[in-house]
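Engineer: Shown below is the structure under consideration.
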Amino acid sequence: MPETNLIERKKPIIKTRIESGKRKWRILDLKELIYYKDLFYFFVLRDITVMYKQTILGILWAVINPVFQMVIFSVIFGKLAQISSDGIPYPIFSFAAILPFNYFSQSLSGASNSLVGNSSVLTKVYFPRILIPLTPVFSKLADFAIAFLILIVMMIFYQITPTANLVFLPLLILLMILTSMGIGMWLSSLAIQYRDVKFAIGFMTSLLMYSAPVVFPASLILEKFGYNYYLLYGLYPMVGVIEGFRSSLLGFSPMPWDLIGMGSISAVLLFLSGASYFKKTERIFADVA
Amino acid sequence: MSEFAIKVNDVSKAFLIGLKDHKKETLGGTIFSWLRYPLENYNVLKKLNTYNYNEDNEDLFWALKNISFELKHGETLGIIGNNGAGKSTLLKIICRITNPTYGFAEVNGRVSSLLEVGTGFNAELTGRENVYLNGTILGMKKKEIDKKFDEIVDFSGVEQFIDTQIKKYSSGMKIRLAFAVAASLETEIMIIDEVLSIGDAEFRKKSLERMIEIARSGTAVILVTHNMLPIQNLCSRAILLEKGRIANEGITEEIVSSYMGQQTKSKVKQSWELGKAPGSEHIKMSKAEVRPLLNIPVIRPGDPFEFEFLIYNLKDEDYDLTITFHLTDEFENLLFIGSTAMTNRKYIAKKGFIKLNCRIPENLFNAGKFTISKFLVLQNSAKLLYEHKDLLTFEVTSDYAYEHGKSGRIEGLIKPKLEWEVTVKSETEVLEKI
């Protein structure tokens, strides 16, 4: 072991004040997050490494899940129910939606379990708690990337070339991450206080899926309910994300900027409120964990 | 760095306990209560968040009450107290794991805690991956771990398995690796809680040495343990916690001996009023005590001590008295039988008090916990007048630090001091003699 001497440790001394902090609304402490960036990196790395350990199919699960969903949707909603798909072949129409939506729902369930699952760490050592729910939001990007490869294969199969709108895809992915972070922070801090969230998350994800334009196009809402409701519908950020994915990758319709705009507003609100609710409640996590 | 490292100012911490369930007697009431169940539960859970800190709120348990102290850089402070005295809660507040209900704590510097080693170890990951994960959880940067990685692995002694999944490790290997990570932290403040009792004897010695090194390097240290000797050895100052309050504070020696005094009252000393004393129709117990004969509050291996028994004899006639006791260790091995019969002298009992002192010679006991499992009073070495079970329990404490790191507990039921005479003769000398 090294000689620990004071000369070697002439780093600036970090001052901390620990008090009750009742009813204090704060936003994220960026300086601290930067200090702990290595920890965040290892959290995400751990999640990715561990995810498919001790499975037979391993990383293939990241392919099998969305592909089977696509097959089921194509048979039931595409063939049997004959739901319109804006002129796009139904399999790729639904897959372009399954891709961001699966990421979204996996991040949410990962985040909502995260604090409860890590309670042994929470009660023993200090680090910014916010890293815990944000970890699944980033680690699920690995699955997203693998499923994305499938989409590329499918686009080659259907001979679809993306339009110039492809440049907006990173923006859509950012919106998708921001939304997941916002809701993830809300769900995780609610879940550690009220374990009801654990039971609700199952039907909530199917509710969220059927309310998003996964098996149907958003244009159907515009058709049936009119433009005002269509805009209101856009407040659900995944609506803009999914329709944006379809438009930028498959290019059958123009970019739905109205939906994306509405979605961005609520995503930012969700993120800010989620972060401050998390910050406000994090002081009791160790006591209720 | 003349400033304090830790300042705890009037800290109190309350926990919510004992929310009573109201049981309904009627079917209607039961159904109604089911409907109201979610609402009631919500209120209960909500209270965890916003309970009222009224002093006489019965549902509140004050784990800490008005705690204040300061710790300077380079100082070592011991915190002692029984289970539930609030030691862990206090440490958790200093480590920022939980917030105080009232008051505040100020901490100048990075804090590392050996509260529970191995926090965040993931069974599926390899030793190497866990070193990085655990190290960053404890507040290190990747670069720091890179630099110290070899030292950590070296200290833990698991280099052969460093790329094996942790789930295939033995529990001892896991603990050693975890401790090695935690002990490599270089922070201004270090909090150590009961880690002195992990691993095998050799590793315990190694970790204690490391801890002494840390304490002497200018790091401010808070040490919490039930083992008094490291506290006496490492800490200049100590705090005694009792039911969430500071019961005593001052020089370690004084605090430890006052704590040991109240700790051991029931075990190393028993005394009874004559009316309530246990005994038989012939004999009543009055007092029994284990007394160290050196001027320290503990008995170390090799130290002399004595038993003192005081009994009251009710028999009118005089008789030949024999007192015998069985001394067992904590595993109920009989170490020896002590008896006045072995002295080849006769003790004639008369009505009234009889006091016996039995001196245990030096260099006999090894470290351990011992019990006088049987205490017998006999007439004419044959007729049992009274038998008392588990009369006294006492501890002979060994500690590496106290023995200046020379050795751990040497195996064996007893630890006698042997006299050796070793004669070495050179070849020529031997020849001459022949």
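For the record, the sequence lines run as chains A and B. Heads up, the first sequence is in the numbering used here, so the first residue is 121 and it goes up one at a time. Heads up, the second sequence is in the numbering used here, so the first residue is -16 and it goes up one at a time. Every residue, glycine too, gets a C-beta built ideally from N, C-alpha and C.
Give me, in chain order, the residues of the same chain whose beta-carbon lies closer than 8 Å to that of residue 385/B; leave out the 5 immediate sequence neighbours on both sides.
Structural biologist: Mapped onto the second sequence, residue 385/B falls at position 402. Note that residue 385/B has pLDDT 45, beneath the 50 cutoff, so the model's placement of it is unreliable and no number is given.
Engineer: Could you tell me if residue 194/B is buried or exposed, where buried requires 16 or more neighbouring beta carbons within 10 angstroms of its beta carbon?
Structural biologist: For the purposes of this step, residue 194/B is taken as residue 211 along the second sequence, with counting starting at 1. Buried, since its Cβ has 16 or more Cβ neighbours within 10 Å.
Engineer: Taking residue 49/B as part of the alpha helix (DSSP H), name the residues at either end of that continuous run.
Structural biologist: In the second sequence, counting from the first residue as 1, residue 49/B sits at position 66. That residue, residue 49/B, is in no alpha helix (DSSP H); its beta strand (DSSP E) goes 43 to 55.
Engineer: As an exercise, report each continuous beta strand (DSSP E) stretch of at least 3 residues that is fully enclosed by the stretch 185 to 211 of chain B, in chain order.
Structural biologist: Qualifying beta strand (DSSP E) stretches, in chain order: 203 to 207.
Engineer: Please return the same chain residues whose Cβ sits closer than 6 Å to the Cβ of residue 156/B, not counting the five positions on each side in sequence.
Structural biologist: Position 173 of the second sequence holds residue 156/B. Taken in chain order, the residues that qualify are 141.
Engineer: Do you know offhand how far residue 334/A's Cα is from residue 344/A's?
Structural biologist: Your numbering for residue 334/A matches position 214 in the first sequence. Your numbering for residue 344/A matches position 224 in the first sequence. Near 17 Å, if we compare the C-alpha coordinates of residue 344/A and residue 334/A.
Engineer: Name the chain B residues whose beta carbon is nearer than 8 Å to that of residue 326/A?
Structural biologist: To locate residue 326/A, count along the first sequence from 1; it is residue 206. None at all; the shortest Cβ gap to chain B is about 22 Å.
Engineer: How about residue 137/A: is its C-beta nearer than 7 Å to some C-beta of chain C?
Structural biologist: The chain inventory of the structure shown lacks chain C, comprising the protein chains A and B.
Engineer: Between 364/B, 368/B, 310/B, which lies nearest to residue 378/B when the distance is taken from Cα to Cα?
Structural biologist: If you number the second sequence from 1, residue 378/B lands on position 395. Per the Cα distances, 310/B.
Engineer: Is there a C-beta anywhere in chain B that falls below 7 Å from the one on residue 235/A?
Structural biologist: Stepping through the first sequence from its first residue, residue 235/A is reached at position 115. Not an interface residue.
Engineer: Which bits of chain A does residue 90/B rub up against, with CB to CB less than 9 Å?
Structural biologist: Locating residue 90/B in the second sequence gives position 107, where the first residue counts as 1. Neighbours of residue 90/B on chain A, chain order: 134, 135, 136, 137, 138.
Engineer: Looking at the secondary structure, which residues open and close the beta strand (DSSP E) in which residue 231/B lies?
Structural biologist: Against the second sequence, residue 231/B aligns to sequence position 248. Taken as a continuous stretch (DSSP letters only), the beta strand (DSSP E) holding residue 231/B covers 228 to 234.
Engineer: By the DSSP assignment, the alpha helix (DSSP H) with residue -12/B in it spans what residues?
Structural biologist: On the second sequence, residue -12/B is found 5 positions in, with the first residue counted as 1. That residue, residue -12/B, is in no alpha helix (DSSP H); its beta strand (DSSP E) goes -13 to -1.
Engineer: Tell me the start and end of each unbroken beta strand (DSSP E) in the stretch 103 to 173 of chain B that is at least 3 residues and wholly inside, in chain order.
Structural biologist: Counting only runs of 3 or more, we get nothing.
Engineer: Indicate the three-state DSSP secondary structure (helix, strand or coil) for residue 263/A in the structure shown.
Structural biologist: Stepping through the first sequence from its first residue, residue 263/A is reached at position 143. It is helical.
Engineer: Tell me the DSSP secondary structure of residue 175/A in three-state form.
Structural biologist: As a working note, residue 175/A is residue 55 in the first sequence. Residue 175/A: coil per DSSP, three-state reduction.
Engineer: For the stretch 226 to 259 of chain A, list every residue whose C-beta sits within 9 Å of some C-beta in chain B, in sequence order.
Structural biologist: Cβ contacts with chain B come from 238, 240, 241, 242, 243, 244, 245, 246, 247.
Engineer: Are the beta-carbon atoms of residue 369/B and residue 269/B separated by less than 7 Å?
Structural biologist: Here residue 369/B is taken as the residue at index 386 of the second sequence, counted from 1. Here residue 269/B is taken as the residue at index 286 of the second sequence, counted from 1. Cβ distance not < 7 Å, so residue 369/B and residue 269/B don't count as in contact.
Engineer: Since residue 300/A contacts residue 355/A with CB under 8 Å, what's their CB separation in whole angstroms?
Structural biologist: Working through the first sequence from its first residue, we reach residue 300/A at position 180. Working through the first sequence from its first residue, we reach residue 355/A at position 235. The pair is not a contact, with the Cβ atoms about 16 Å apart (cut-off 8 Å).
Engineer: Chain B partners of residue 162/A, CB-CB under 7 Å?
Structural biologist: Position 42 of the first sequence holds residue 162/A. Under the 7 Å cutoff, chain B gives 115, 116, 119.
Engineer: Output the distance between the C-alpha atoms of residue 329/A and residue 225/A, rounded to the nearest integer angstrom.
Structural biologist: Here the question's residue 329/A lines up with position 209 in the first sequence. Here the question's residue 225/A lines up with position 105 in the first sequence. Between residue 329/A and residue 225/A, the C-alpha separation is close to 8 Å.
Engineer: Would residue 144/B pass as an interface residue toward chain A - the criterion being a Cβ-Cβ separation below 7 Å?
Structural biologist: Residue numbering aside, residue 144/B sits at position 161 when the second sequence is read from its first letter. It does not; no Cβ of chain A falls within 7 Å.
Engineer: According to DSSP, is residue 366/A part of a helix, a strand, or is it coil?
Structural biologist: Start at 1 with the first residue of the first sequence, and residue 366/A comes out as number 246. Looking at residue 366/A - three-state DSSP - the assignment turns out to be helix.
Engineer: Mind checking who residue 275/B pairs with in its DSSP beta bridge?
Structural biologist: Translated into the one-based positions of the second sequence, residue 275/B becomes position 292. Beta-bridge pairing links residue 275/B to 288/B.
Engineer: Just the chain A side, please: which residues come within less than 8 Å of residue 78/B by C-beta, in chain order?
Structural biologist: What you label residue 78/B is simply residue 95 of the second sequence in a count that begins at 1. Within chain A, the residues near residue 78/B are 245, 246.
Engineer: By the DSSP assignment, the alpha helix (DSSP H) with residue 398/A in it spans what residues?
Structural biologist: Counting from one through the first sequence, the residue named residue 398/A turns up at place 278. Residues 377 to 401.
Engineer: Note down, in chain order, every chain B residue with its Cβ under 9 Å from the Cβ of residue 263/A.
Structural biologist: Walking along the first sequence from the start, residue 263/A turns up at place 143. Simply none; closest approach about 17 Å.
Engineer: Alpha carbons only, please: which of 212/A, 217/A, 373/A is nearest the one belonging to residue 332/A?
Structural biologist: The residue you call residue 332/A lines up with position 212 of the first sequence. Nearest C-alpha to residue 332/A: 217/A.
Engineer: What would DSSP say about residue 60/B, mapped onto helix, strand or coil?
Structural biologist: Taking the first residue of the second sequence as 1, we reach residue 60/B at position 77. Strand.
Engineer: Under 7 Å, do residue -13/B and residue 58/B count as touching if we go by C-beta distance?
Structural biologist: To locate residue -13/B, count along the second sequence from 1; it is residue 4. To locate residue 58/B, count along the second sequence from 1; it is residue 75. Cβ atoms of residue -13/B and residue 58/B: not closer than 7 Å.
Engineer: Answer with yes or no whether the minimum CB distance from residue 314/B to chain A is below 7 Å.
Structural biologist: As a position in the second sequence, residue 314/B is number 331, starting the count at 1. No, residue 314/B does not count as interfacial toward chain A.
Engineer: Mind listing the chain A neighbours of residue 26/B? Cutoff is C-beta to C-beta under 9 Å, in chain order.
Structural biologist: The residue labelled residue 26/B in the question sits at position 43 within the second sequence. Ordered by position in chain A, no residue passes the 9 Å Cβ test against residue 26/B, which lies about 12 Å from the chain.
Engineer: Taking Cβ positions only, does residue 399/A come closer than 7 Å to chain B?
Structural biologist: Taking the first residue of the first sequence as 1, we reach residue 399/A at position 279. Taking Cβ atoms only, chain B never reaches closer than 7 Å to residue 399/A, which makes this a no.
Engineer: Inspect the CB distances between the stretch 120 to 134 of chain B and the stretch 148 to 162 of chain B and report whether three or more fall short of 8 Å.
Structural biologist: They do not touch, by the three-pair rule.
Engineer: Quick one: which chain A residues come within Cβ less than 9 Å of residue 122/B?
Structural biologist: In the second sequence, the residue the question calls residue 122/B occupies position 139. Simply 155, 156, 159, 245, 246, 247.
Engineer: For residue 87/B, return the contacting residues in chain A, with the cut-off set at a CB-CB distance below 9 Å.
Structural biologist: The residue given as residue 87/B occupies position 104 in the second sequence. Within 9 Å Cβ-Cβ: 137, 138, 139, 140.
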